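Colleague:
Residue numbers (the numbering used here), protein chains in the order written: chain A, 77 to 790; chain B, 1018 to 1170.
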């Protein structure tokens, strides 16, 4: 149970309505809720906000059951507080899914306590009272505002198992709520990690190795130290290196293997400028890998026999041996940097008494643990505040920049903010690893008789749930094998890990299979899905029915069955992050090149908590998926990333973004997340549509390379 | 260090910084105006867009020593209360996801709409394509520019 009482503080502001609700004094109710005497409510958003909208949508869940008008709610970002909150993490599109029950329960429990307190004041039984929109009403029709009983309510015994509303009674869930930070965003108020400032704070710019596989040998900072605003030049690395062997190692990155040179200055610009004046000598510590080398390693793995089998149904070898026909294709993807618009940064102030950490981090609990472990301190010494983040996309799951800031502040014993430049950010990242898939299917009597997927990846393979996604369960003979090559390049989660590329590979393959089988690609999926509708395989998480529903919806809404001249449509359906999605991309040929004009999306994410925010996530996910499939590409030469800023790394821009039209499957099932699941199908949908438009199948990302090579039309 | 006198949002401000300090960092680190964002430092992403004599300009590439006699407007100077039509449009459309790039988007859109009160969709895309939104809120940015154009028209 998430309720935990704080001591309430009595206060009697005399403000008149209408009032600035952020300026009222509030009575602590519990770790999530404060209520002012006037009945205005502060709700603490427990999870980090990276742009996925949970700072708005999670408090909506509490406010719904608390039953207060949303316009009376002021949302405040909660700090890291492991005593009162659980799962304070932004990752896996899971915040709403996991918050759905407990956050509504928190609101409902608080509402019941307010009712109980009012009933006691009136001397009636609580069952004779109702609460709605911040007002409690008794059987005689008397009313009392929440603010009038909050002090009494907050000290009552916490009731258990309070019933939750029937979805038809929702007043807030399912209605459009604007981003709770919208006023600050449009007026440029301090909000992000990079905006955070404390009295006496210094700025740190970190010189890290120019290439993966190199470590610091020596450096000369004479010139840098003489530059204006430079306070000191130090080295860090030892403590983070020790951490690699201890607790928290999973949350750091390989860049910690080296010492790093840190310029401490009075301003960001002075620190960044002085860093460029440091003369560092680097030495090789391991292989300096290039992209062609890695490609050979991965293709070698696919050609080899050393695999871990993650799922094996039936016998694919037998199916292949007796096949009428075999289709085998290889799909290839590059490394991708996250490119959060706000570069990595963190504030740290390490003192003997406490450690104050502030900044943009998706994993505050792990980061605090890593810092405590690194500095040999109690985690109770750490106060960690999460700022709004200028994007996450998985990069801020890794706490390397938090431990750097803490190591720097520990060394200089001053408040300091570590700020990465864009070049630092892009060249010392934790990248989406390059992955290749080889998919082989056998055909017997006009049906798919066997399906074998092999993954060769840099550093890590798909997580265990993925082999149970479609088409698992629909085919008698099915096998998923994985192998990896251990590289010294830092890799990690990138929005929709693995599925961000696997979806393209598998869905493209199914489209090609349908062509070979002379089947309708939609009907082929629907036929296969019938086989999982009554499955007793507990590993299968996706629903055949829900997948069928999104497919039927997207077919209807996209006009797939009523083709238009000159518009080429690509269909795909996918399940990941517990959400079922189908997408149809419309491509036309302009100036001899395929152009994506529109993507129709059908989504089953259960209850849509905040439609306004949900649509934004869906549109962003689709366009992000298109952008990275089309253009995303980070190559390496002798360990050095070959792009370091947006002049050499292409991100999708407004003139390349198609219309995204979204349709929800309407149901009252528990909600699932939307931060990731619309991205993976987008690359597949446009590749399939491009094939329809040009006759060319795409097998490698980024597509732009293949599109540029070929005379596509005519 | 030399002193520079700047006219920012109608207020005279003076700073003691090196001559090559970009306006972006003068605003952020010296004048505590953090609405203008650092994104790339090379004029490629548009997060740091401000107006210089009414023109949308990348503040990361503008050295403080180049600004004598210029009138600078930042997101903080667009209005006192978020009531500029472009800000209102951004709010009505609920454009932001993470929100980091949006001040730059708003400043680019504002300068653009001051010179083109009745833009076509292509005009908008051409005007806004220099601003990256990594969350890809592009369709809402486009809708907000249309909305703002109606308000300003």
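For glycine and all other residues, C-beta sits at the position ideal for the given N, C-alpha and C.
Source: prediction; values computed, not measured.
#1: Where does the unbroken alpha helix (DSSP H) through residue 1068 of chain B begin, and where does it stop?
#2: In chain A, which residues lie less than 8 Å from residue 1053 of chain B when you measure between Cβ atoms?
#3: With distances taken from CA atoms, which of A:144, A:549, A:485 is nearest residue 276 of chain A?
#4: The stretch 710 to 734 of chain A: which residues have C-beta closer than 7 Å to a C-beta of chain B, in chain order?
#5: Tell me whether the stretch 1114 to 1133 of chain B and the stretch 1157 to 1170 of chain B touch, counting them as touching only if at least three CB pairs, one residue from each stretch, are closer than 8 Å.
#6: Does DSSP put residue 777 of chain A in a helix, a strand or coil?
#7: Give, in chain order, every residue of the stretch 261 to 291 of chain A whose Cβ lies closer than 8 Å to some Cβ of chain B.
#8: At which residues does the beta strand (DSSP E) containing residue 513 of chain A begin and terminate?
#9: Between residue 1166 of chain B and chain A, is the shortest Cβ-Cβ distance under 8 Å, so that the two count as touching?
#10: For residue 39 of chain A and residue 588 of chain A, what's the separation of their Cα atoms in angstroms?
#11: Under 8 Å, Cβ to Cβ, is there at least one residue of chain B near residue 418 of chain A?
#12: Using a Cβ cut-off of 8 Å (strictly closer), state whether residue 1082 of chain B contacts chain A.
#13: By DSSP, does residue 770 of chain A sit in helix, in strand, or in coil?
#14: Between which two residues does the alpha helix (DSSP H) holding residue 135 of chain A run?
#15: Within 10 Å of its beta-carbon, does residue 143 of chain A have 16 or more other beta-carbons around it, so buried, or fewer, so exposed?
#16: Applying a beta-carbon distance threshold of less than 9 Å, which residues of chain B neighbour residue 498 of chain A?
#17: Would residue 493 of chain A and residue 384 of chain A qualify as a contact pair, given that the criterion is a beta-carbon distance under 8 Å?
#18: By Cβ distance below 8 Å, which residues in the same chain neighbour residue 673 of chain A in space, the five residues on each side in sequence not counted?
#19: Please identify, using Cβ separations under 9 Å, the residues of the stretch 341 to 363 of chain A that lie next to chain B, in order along the chain.
#20: Would you check if the distance between the CB atom of residue 407 of chain A and the CB atom of residue 512 of chain A is smaller than 8 Å?
#21: Who does residue 384 of chain A pair with in a DSSP beta bridge?
#22: Chain B beta carbons: is any one of them nearer than 8 Å to that of residue 777 of chain A?
#23: For the 8 Å Cβ check, are there 3 or more pairs between the stretch 617 to 630 of chain A and the stretch 648 to 663 of chain A?
#24: Grab me the residues of residue 1065 of chain B's own chain with a C-beta within less than 7 Å of its C-beta, minus the 5 sequence neighbours each way, in chain order.
#25: Between the beta-carbon of residue 685 of chain A and the beta-carbon of residue 133 of chain A, is there less than 8 Å?
#26: Which of the three DSSP states is assigned to residue 412 of chain A in this structure?
#27: Using a Cβ-Cβ cut-off of less than 7 Å, give me the residues of the stretch 1108 to 1126 of chain B that come near chain A, in sequence order.
#28: Go to residue 222 of chain A, then tell me how far its alpha helix (DSSP H) extends in each direction, as first and last residue.
#29: Leaving out the 5 sequence neighbours to the left and right, which residues in its chain are closer than 6 Å to residue 460 of chain A when beta-carbon positions are compared?
#30: Need the endpoints of the beta strand (DSSP E) that residue 1045 of chain B sits in, please.
#31: Inspect the CB distances between the stretch 742 to 751 of chain A and the stretch 545 to 553 of chain A and report whether three or more fall short of 8 Å.
#32: As a quick exercise: from A:469, A:209, A:127, A:548, pick the residue whose alpha carbon is nearest that of residue 506 of chain A.
#33: Run through the DSSP bridge pairs and tell me what residue 1101 of chain B is partnered with.
#34: What would DSSP say about residue 438 of chain A, mapped onto helix, strand or coil?
#35: Nearest CA to the CA of residue 299 of chain A: which residue from A:287, A:352, A:335?
#36: For residue 390 of chain A, name the three-state secondary structure that DSSP assigns.
Modeller: According to the data block:
#1: Here residue 1068 of chain B belongs to no alpha helix (DSSP H); instead the beta strand (DSSP E) covers 1066 to 1069.
#2: 264
#3: A:485
#4: 721, 722, 723, 727, 728, 729, 730, 731, 733
#5: Contact between the stretch 1114 to 1133 of chain B and the stretch 1157 to 1170 of chain B is present, because at least three Cβ pairs lie under 8 Å.
#6: coil
#7: Residues of the stretch 261 to 291 of chain A with a C-beta atom less than 8 Å from some C-beta of chain B are 261, 262, 263, 264, 265, 266, 267, 268, 270, 271, 273, 279, listed in chain order.
#8: For residue 513 of chain A, the enclosing beta strand (DSSP E) stretches over residues 511 to 520.
#9: no
#10: Lying before the first or after the last residue shown, residue 39 of chain A is absent from chain A, which here runs from 77 to 790.
#11: yes
#12: Output row for residue 1082 of chain B: interface = no.
#13: When DSSP states are grouped into helix, strand and coil, residue 770 of chain A belongs to the helix group.
#14: 130 to 142
#15: buried
#16: 1055, 1056, 1057, 1058, 1059, 1061, 1062
#17: no
#18: Within the same chain, residue 673 of chain A has close Cβ partners 643, 662, 663, 664, 734, 735.
#19: 342, 343, 344, 345, 346, 348, 349
#20: yes
#21: Residue pairing by DSSP places residue 384 of chain A opposite A:558 in a beta bridge.
#22: no
#23: yes
#24: For residue 1065 of chain B, where only same-chain residues beyond five positions count, the Cβ hits under 7 Å are 1041, 1053, 1054, 1055, 1056, 1075, 1076, 1077, 1121.
#25: yes
#26: strand
#27: Residues of the stretch 1108 to 1126 of chain B with a C-beta less than 7 Å from any C-beta of chain A: 1108, 1111, 1113, 1114, 1115, 1116, 1117, 1118, 1119, 1120, 1123, listed in chain order.
#28: 222 to 230
#29: 156, 433, 440, 444
#30: Here residue 1045 of chain B belongs to no beta strand (DSSP E), and DSSP marks it neither H nor E.
#31: no
#32: A:469
#33: Partner(s): none; residue 1101 of chain B has no beta bridge.
#34: coil
#35: Closest by C-alpha distance to residue 299 of chain A, out of A:287, A:352, A:335, is A:352.
#36: In the three-state reduction of the DSSP assignment, residue 390 of chain A falls in the coil class.
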